[in-house]
Structures are given as structure tokens and as C-alpha cells.
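At the far end of the sequence shown sits residue 393, using full-length UniProt numbering, and the numbering has no gaps.
Read through the structure below, which is laid out as C-alpha cells, and then see the notes.
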Amino acid sequence: MGIALDISDLKEHEKEELRVQKLESLGVLAGGIAHDFNNILTGIMGNISLAKISLDDTHTSYKALVGAEKASVRATELARQLLTFARGGEPVKKVVSLQHLANESLSLVLHGSNVRGVVDIPDSIHAIEADEGQISQVFHNIIINATQAMPGGGLLTVSARNETLAGRNTMALPPGPYICLTFTDEGCGISDTDLEKIFDPYFTTKVSGNGLGLASTHSIISRHGGYISVSSLVDKGATFTIHLPSIGETLPKCQTEFVTQTSKDHRGGSILVMDDEEMIRELATGMLEEIGYHVTTCGAGSEAIRYYEAAKESGSPFSAVIMDLTIPGGMGGREAAEKILDIDPAARLIVSSGYSNDPIMSDYRTYGFTGAIAKPYRINELAEILRSALSDH
């Protein structure tokens with residue numbers, strides 16, 4: 001007498017574990033290069049944005065600068081996708097609305113395209129606890145993939161439903177409340193061979209693709225305790241299905257979006273910039289002076305503390321401090337911020353880092369910072385974060 005066992009679920013689970021291990025290996029590399037790569041990009045993008053300001057848009061060099069800026073933005077996107085795999089990039093979760101994220105992502109990605117997006121998410125859909133930035137990245141990656149599959153235009157439908165998973169399920173997820181989210185396009189579809197590798201790092205069927213978009217999507221969903229799969233028929237389209245743990249209830253009706261009010265112009269204040277890279281200090285000085293601020297720079301947290309204390313005692317305190325989170329061999333932004341806040345609890349501190357997935361960058365207020373700006377940044381982004389920080393008191 002023989003016994004037949006269905007081991008298909010076990011094989012699928014083993015395949016999933018192997019895929020996660022590959023992504024973690026990539027994370028070791030990503031974490032190692034992220035800081036330096038983004039510092040270099042800050043110098044490139046920042047100087048381009050400064051150069052554009054000094055030229056009229058009819059100047060012959062202006063178009064070349066715009067092209068260089070677009071290329072830099074693509075490099076920034078690559079760095080951001082690599083950072084998704086880096087260890088230490090665990091999601092910083094808060095209760096978020098899927099409807100809001102889906103509508104926002106469709107609006108941003110489909111703007112100017114010939115693809116029409118429809119969101120079919122009822123008000124009864126439960127909220128999730130998630131890292132808003134990371135889940136937005138997931139949505140962006142899937143929507144971009146759909147638009148590339150429909151070069152002649154088409155329909156992309158985003159829908160969601162509440163589900164309760166039992167103890168044993170094909171996704172090997174813990175039992176409990178979940179939301180099931182689907183992205184369905186009318187594109188060219190994906191072959192069975194490609195479906196097997198669709199979430200593997202560096203796998204792509206696109207001539208200009210880097211093969212990291214869907215791999216980073218898989219990594220993010222896994223870190224949120226969820227599961228992502230894709231089904232497709234060639235020439236009929238594809239459906240990406242995501243399961244994410246939900247809080248089991250909808251958002252409170254009283255919860256409203258926070259709207260930042262335009263405030264008075266704070267230009268003319270004095271800004272302290274702390275960064276170990278001379279290139280970044282020089283660039284920040286040029287940007288801030290162009291905006292209209294007075295600038296002092298230093299290379300380590302210990303110097304920043306001395307400068308801040310001396311300025312406060314002299315009666316000419318700094319309006320804000322922009323602090324690099326990581327200073328190799330020296331005091332970084334987190335420790336320096338604690339000491340500056342001991343001197344002045346009302347200090348306006350902005351954390352900056354090339355390692356944008358660091359939890360401090362997402363949850364900066366917990367560590368005493370007023371704002372956070374990820375490297376690389378441009379002059380308009382620097383101006384906005386300062387405007388927001390100086391309006392926050």
C-alpha cells in the first residue's frame with residue numbers, strides 16, 4: 001500500500017524562503033553602498049538645481065541641465081529600490097488608509113499617460129498598519145509595470161476586500177484579519193516562464209529596466225507580514241494580488257488629513273549645517289545662501305553642539321540645524337540632537353541621511369527632530385523642509 005502526499009505547498013514555501021534569502025543577500029550589498037552613493041548624488045543633483053536657477057529657461061544649456069537632472073532622478077530611484085533590501089530598513093508602521101494610498105499612487109503615476117485607473121475600494125475596507133512610504137513604493141512599482149504592459153493604453157483596476165485567513169492557508173500566513181488587494185491590467189500578460197522569476201532581483205523583460213522594482217515590492221510586502229502573487233494570461237493581462245494584515249476595522253470617522261498651512265517667510269535666518277562630507281557642506285551653503293539664509297557649517301556632532309551653544313549664549317541663536325545622521329568615526333545626528341535639545345528644548349533640528357530607510361528618517365519626531373530630508377535633495381526640497389520646520393513652532 002502506498003501513501004501519496006501533496007507537497008506542492010511545501011515546495012512553494014521552500015521557493016519563497018529561497019527568494020527571501022536572495023533578497024537579504026542583496027541587502028548586504030545595498031546597505032554598504034547606499035550612504036556614499038546618495039552623498040555623490042546629492043552633489044550632482046544639488047549643483048544641477050543651483051545651475052538651473054542661474055539660467056533662463058531659454059538658455060541653450062538649460063535643456064541639457066534638465067536632461068542631466070532627469071538622469072539623476074532615475075539614479076535616485078535605483079538607489080531607493082536598492083535600499084529596500086538593506087537590513088535596518090524595517091517598516092515604521094502607522095494606521096493608514098488603502099483608499100488614500102491607491103488614489104494618490106494612481107494619480108501620480110498615471111498623470112500624462114494613456115492608461116486609465118479605477119479604484120474600487122469600498123468604505124467598509126479595513127485599515128492597515130504599514131509604512132506609508134514603503135507601501136506607496138509597492139503601489140508605484142506595480143502601476144508602472146502595468147503602464148509598461150499597456151503602451152497603447154488600457155484600464156488598470158485596483159480593488160480590495162476584507163478577508164479572514166484560517167490557521168492553514170496556501171500562503172503560510174498567520175491566521176487573522178487581512179485585506180486582499182488586487183491590481184488588474186489589460187496588458188500583454190506574462191508568460192509562465194517569466195512568472196516563475198518575476199520577483200527575482202535583476203530579472204526584467206524591459207530593455208531599459210533594472211529588475212529591482214518588483215523584487216523590492218516583494219521584499220516590502222514580506223516585511224509587512226504579507227504575501228504577494230501574480231497570475232496572468234498572455235495577451236489578456238495580469239493581476240497582482242496582495243494580502244496584508246489589517247487592524248480588523250475601518251479608520252475612525254473623525255480622522256482627517258492634516259493640511260500644512262502656508263506661513264510667513266522665514267528667510268534671513270541663520271542655519272547650521274553638520275555633515276562629514278565637505279562636498280555636501282559646500283553645496284548646502286550654496287543652496288541656503290541662494291534661498292536667503294546665513295550659513296555656518298561643521299563636520300561632526302561635537303562641533304555642532306559647541307557652535308549651537310555659543311550662538312545661543314551670544315544672543316544670535318541658529319534658526320535651525322541640518323544634521324547628517326551618520327558620521328563615520330564621530331558623533332552623528334542622533335546623539336548630537338539629544339545634547340542640543342538639552343541646551344535648547346525648542347531647537348529646530350532636521351535630520352538628513354543617504355540611508356533613507358533608517359527608522360529615524362521615518363519616525364524623526366520620536367528622536368526630537370522637527371523634520372527629515374533624504375539625500376539626494378534639490379534646492380526646492382531643502383527650501384520646503386526648512387519652511388515647514390520653521391513653521392512648526
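The beta-carbon is built from N, C-alpha and C at its ideal position, and this holds for glycine as well.
Residue burial classification, residue i (beta-carbon count within 10 angstroms, cutoff 16)
| i | result |
| --- | --- |
| Thr260 | With a pLDDT of 30 at Thr260, under the threshold of 50, the predicted position of this residue should be treated as unreliable, though the coordinate-derived value follows. The residue is exposed, with fewer than 16 neighbouring Cβ atoms inside 10 Å. |
| His126 | buried |
| Ser219 | buried |
| Ile373 | buried |
| Arg168 | exposed |
| Ser191 | exposed |
| Glu193 | Checking the displayed sequence, the identity of residue 193 turns out to be Thr instead of Glu. Exposed, because fewer than 16 other Cβ atoms sit within 10 Å of the Cβ of Thr193. |
| residue 401 | Any question about residue 401 goes unanswered here, given that the chain covers just 1 to 393. |
| Glu186 | buried |
| Arg387 | buried |
| Ala166 | exposed |
| Glu278 | exposed |
| Ala346 | exposed |
| Asp324 | buried |
| Thr256 | For Thr256, the predicted model reports a pLDDT of 34, less than 50, meaning its position is unreliable and no value from the coordinates is stated. |
| Asn145 | buried |
| Asp265 | Low confidence applies to Asp265: its pLDDT is 46, below 50, so where it sits in the model is not reliable enough to give any reading. |
| Lys236 | exposed |
Beta strand (DSSP E) segment containing residue i, residue limits
| i | result |
| --- | --- |
| Pro177 | 176–184 |
| Asp324 | 320–324 |
| Pro122 | It is not in any beta strand (DSSP E) - Pro122 carries neither H nor E in the DSSP assignment. |
| Ala130 | 128–130 |
| Ile190 | Premise fails: Ile190 is in no beta strand (DSSP E) and is neither H nor E. |
| Leu155 | 154–165 |
| Lys94 | 94–96 |
| Pro245 | 237–245 |
| Val230 | 227–233 |
| Met274 | 270–274 |
| Ile350 | 349–353 |
| Ala374 | 371–374 |
Boundaries of the alpha helix (DSSP H) in which residue i is found, first to last residue
| i | result |
| --- | --- |
| Ile220 | 213–223 |
| Met287 | 278–291 |
| Leu382 | 379–390 |
| Lys312 | 301–313 |
| Met361 | 359–362 |
| His294 | Unbroken run through His294 is the beta strand (DSSP E), 294–298; no alpha helix (DSSP H). |
| Val341 | According to the sequence shown, residue 341 is Leu rather than Val. Element bounds for Leu341: 333–343. |
Cβ separation of residue i and residue j, assumed to be a contact under 8 angstroms, to the nearest whole Å
| i | j | result |
| --- | --- | --- |
| Ile143 | Leu156 | 7 angstroms |
| Ile121 | Val158 | 7 angstroms |
| Glu290 | Ile343 | With a Cβ gap of about 29 angstroms, Glu290 and Ile343 do not count as contacting. |
| Arg348 | Ala320 | 4 angstroms |
| Gly371 | Tyr364 | 7 angstroms |
| Glu149 | Cys188 | First, the amino acid is wrong: residue 149 is Ala here, not Glu. Confirmed, about 5 angstroms. |
| Gly269 | Tyr293 | 6 angstroms |
| Ile128 | Ser246 | 5 angstroms |
| Ser352 | Gly133 | 16 angstroms between Cβ atoms; not a contact. |
| Thr60 | Leu283 | Contact doesn't hold; Cβ gap of about 25 angstroms is too wide. |
| Gly299 | Ala337 | The Cβ separation is near 16 angstroms, so there is no contact. |
| Val119 | Leu106 | 7 angstroms |
| residue 394 | Ser136 | There is no way to answer for residue 394, as the model of the chain reaches only from 1 to 393. |
| Ile360 | Asp276 | The pair is not a contact, with the Cβ atoms about 17 angstroms apart (cut-off 8 angstroms). |
| Ala71 | Asn38 | About 15 angstroms separates the two Cβ atoms, so there is no contact after all. |
| Ile322 | Ile271 | 7 angstroms |
is_contact[residue i, chain B] using C-beta, thresh 7 angstroms
| i | result |
| --- | --- |
| Glu289 | Among the protein chains of the structure shown there is no chain B, as only one such chain exists. |
Please determine if the segment 292–305 and the segment 54–68 are in contact, where contact requires at least 3 C-beta pairs separated by less than 8 angstroms. no
Do the segment 33–50 and the segment 377–387 meet, that is, are 3 or more Cβ pairs less than 8 angstroms apart? yes
Looking at C-beta atoms only, is the number of pairs between the segment 223–231 and the segment 239–246 that lie closer than 8 angstroms three or more? yes
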